[in-house]
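The sequence shown begins at 109 in my numbering and counts up by one.
Here is the structure we will look at.
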Amino acid sequence: MLLAIETSCDETAVALFATSRCLAGSLPQPEDLLAEALYSQVATHQAYGGVVPEIAAREHVLRLPILIDEIFAKANVTAKDVTIVAVTSGPGLKGCLLVGLSWAKGFALAQNIPLVAVNHIEGHLLSGEIGLAAEYQYPCLVLVVSGGHTELVLIKSFRDYQIVARTRDDAAGEAFDKTASLLELGYPGGPALSQKATTGDNRRFSFSVSSKGDPTLFSFSGLKTAAWRTITAERDANGNLDEQTRCDLAASIEQGIVQNLIDKTILACKAFQPKQLIITGGVAANKTLRSAMSEALTPLGVAVYAPPFSLCTDNAVMIGYAALRTVATNPPAYRNWSGTKNSGMLGPNVPASLGATPRYPIEQIAPQELK
Ligand code: KG4
Ligand code: ZN
109 MLLAIETSCD
119 ETAVALFATS
129 RCLAGSLPQP
139 EDLLAEALYS
149 QVATHQAYGG
159 VVPEIAAREH
169 VLRLPILIDE
179 IFAKANVTAK
189 DVTIVAVTSG
199 PGLKGCLLVG
209 LSWAKGFALA
219 QNIPLVAVNH
229 IEGHLLSGEI
239 GLAAEYQYPC
249 LVLVVSGGHT
259 ELVLIKSFRD
269 YQIVARTRDD
279 AAGEAFDKTA
289 SLLELGYPGG
299 PALSQKATTG
309 DNRRFSFSVS
319 SKGDPTLFSF
329 SGLKTAAWRT
339 ITAERDANGN
349 LDEQTRCDLA
359 ASIEQGIVQN
369 LIDKTILACK
379 AFQPKQLIIT
389 GGVAANKTLR
399 SAMSEALTPL
409 GVAVYAPPFS
419 LCTDNAVMIG
429 YAALRTVATN
439 PPAYRNWSGT
449 KNSGMLGPNV
459 PASLGATPRY
469 PIEQIAPQEL
479 K
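Structure (structure tokens):
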């Protein structure tokens, strides 16, 4: 069995998978997932209006062992049944990454089993495959939109990743959260803002961003400033906003962010002719984004898919899945694992000195990790 651990930000998550299919060289299937558990720290960080890294790391220390016990009990197994451990090594908050990584390294050394270090974004990139229960049709474009990421990635084949657009300033989720905060909608404000937007008029205000800009760069800081100016101008003498104006602002802001994402995605589709466009990350929960993206891309012959929400937000299933993809690509390295406690190796090409990597662009995932 493979135990997967995710602690890169404010979600503590673990998952347990059967490995026999992947050790035979086949792709993981939904029935390989045996158990999963997740603890979201959102409530803890709400009071601060954002994730406090040190608090998040301490919560991981407390929660991780409890969650691991929980999935072992759910699957009726013990630590001895685990034959591979997978863990997010980056990108993310350093202290948070260190909790999961240190636990996984200690476990791998104690049990003398291989460790697979997983790039968190690669987990997001592959989450559509889990939802579809099928390998992507290449070339495939993936839009990763979360509180920390806004990246459009072209996948030409497994592990052949090319970032075709990224954000020059804020992430899309940050744009939702910051403008929601201007509208006093709490944290994280994306869901509340999109809820308000449902009863608002998205044409009352214009927060459109020119699509003539650099096709390789998203940008949301201009929209944020424009939203701040408009919100300030719309307040009455007592500084209050009337409820309909608040809803119209929410709808217009949502429209601006979504249109920005769609415009650059259309340019990328025209340039790279993908067969599929996968939307993932927390912002993929946004219904306007999903439906407007489908409407825009279907005429271009691109199938749009967003996995279930639980796979879009941070989770350990996507980390385990990415690790199993690695295992399936080179099964003998894992099947005939012959590491010893003194070998200084935690797994195929993973040195014991492996550290947490807060900055870990996906282009840096070494193709040789597959050899
Ligand atoms: O992937 P995620 O759970 O955490 C990370 O950032 O890693 O994404 C959270 C982000 C937040 O910025 C949140 O406001 C945004 O996703 N979000 C939404 C919606 N649901 C979550 N943004 C817009 N509309 C939503 N329905
Ligand atoms: Zn994430």
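Ideal Cβ placement from N, Cα and C applies to all residues, glycine included.
Just so you know, these numbers come straight off a predicted model, no measurement behind them.
Is DSSP giving residue i helix, strand or coil here?
i: V435; result: helix
i: S148; result: strand
i: Y269; result: strand
i: E471; result: helix
i: E178; result: helix
i: T186; result: coil
i: P136; result: coil
i: V169; result: helix
i: P459; result: strand
i: R443; result: helix
i: A464; result: coil
Whole-angstrom Cβ separation of residue i and residue j, contact assumed at under 8 angstroms?
i: A424; j: A112; result: 5 angstroms
i: F284; j: G297; result: 6 angstroms
i: A164; j: L201; result: 6 angstroms
i: L397; j: L369; result: 7 angstroms
i: H232; j: V252; result: 5 angstroms
i: I179; j: L124; result: 5 angstroms
i: I271; j: I470; result: 7 angstroms
i: V193; j: V226; result: Between V226 and V193 the Cβ distance is about 11 angstroms, and since that is not below 8 angstroms, they are no contact.
i: P439; j: A181; result: Wrong, their Cβ atoms sit about 29 angstroms apart, outside the cutoff.
Hey, how far is the Cα of residue i from the Cα of residue j?
i: R312; j: A464; result: 46 angstroms
i: V391; j: Q303; result: 13 angstroms
i: S235; j: A404; result: 22 angstroms
i: E362; j: A126; result: 41 angstroms
i: D278; j: V185; result: 43 angstroms
i: A460; j: S451; result: 9 angstroms
i: Y442; j: N310; result: 53 angstroms
i: L478; j: V435; result: The predicted position of L478 is uncertain, since its pLDDT is 44 and thus under 50; no value can be drawn from it.
i: E342; j: S360; result: 14 angstroms
i: V207; j: P161; result: 12 angstroms
i: T373; j: G256; result: 19 angstroms
i: S399; j: A393; result: 11 angstroms
i: Y147; j: T275; result: 29 angstroms
i: R467; j: I176; result: 27 angstroms
i: V159; j: D422; result: 14 angstroms
i: S319; j: S197; result: In this prediction, S319 has a pLDDT of 49, which is less than 50 and means its spatial position is unreliable; what the coordinates show is noted afterwards. Rounded to whole angstroms, S319 to S197 spans 35 angstroms at the Cα level.
i: T307; j: L249; result: 32 angstroms
i: G321; j: P199; result: 28 angstroms
i: L462; j: A212; result: 11 angstroms
Which runs of the alpha helix (DSSP H) fall wholly inside the segment 325-412 and span at least 4 residues, in chain order?
Restricting attention to alpha helix (DSSP H) runs no shorter than 4 residues, the segment 325-412 encloses them at 329-342, 351-380 and 395-405, ordered along the chain.
Could you tell me whether the segment 287-296 touches the segment 258-273, where touching means 3 or more Cβ pairs closer than 8 angstroms?
Contact fails: fewer than three Cβ-Cβ distances are below 8 angstroms.
What are the uninterrupted segments assigned as beta strand (DSSP E) that are 3 or more residues long and contained completely in the segment 197-259, given in chain order?
With a minimum length of 3 residues, the continuous beta strand (DSSP E) runs that stay inside the segment 197-259 are 223-227 and 248-253.
If contact is defined by three or more beta carbon pairs under 8 angstroms, each pair taking one atom from either stretch, is the segment 114-124 in contact with the segment 165-176?
Contact between the segment 165-176 and the segment 114-124 is present, with at least three C-beta pairs closer than 8 angstroms.
contact_flag[the segment 345-357, the segment 373-381] where n(CB pairs < 8 angstroms) is 3 or more:
Short answer: they don't touch.
If you pair each beta-carbon of the segment 238-258 with each one of the segment 128-144, do three or more pairs fall below 8 angstroms?
Between the segment 238-258 and the segment 128-144 there are three or more inter-stretch CB-CB distances shorter than 8 angstroms, so the stretches are counted as touching.
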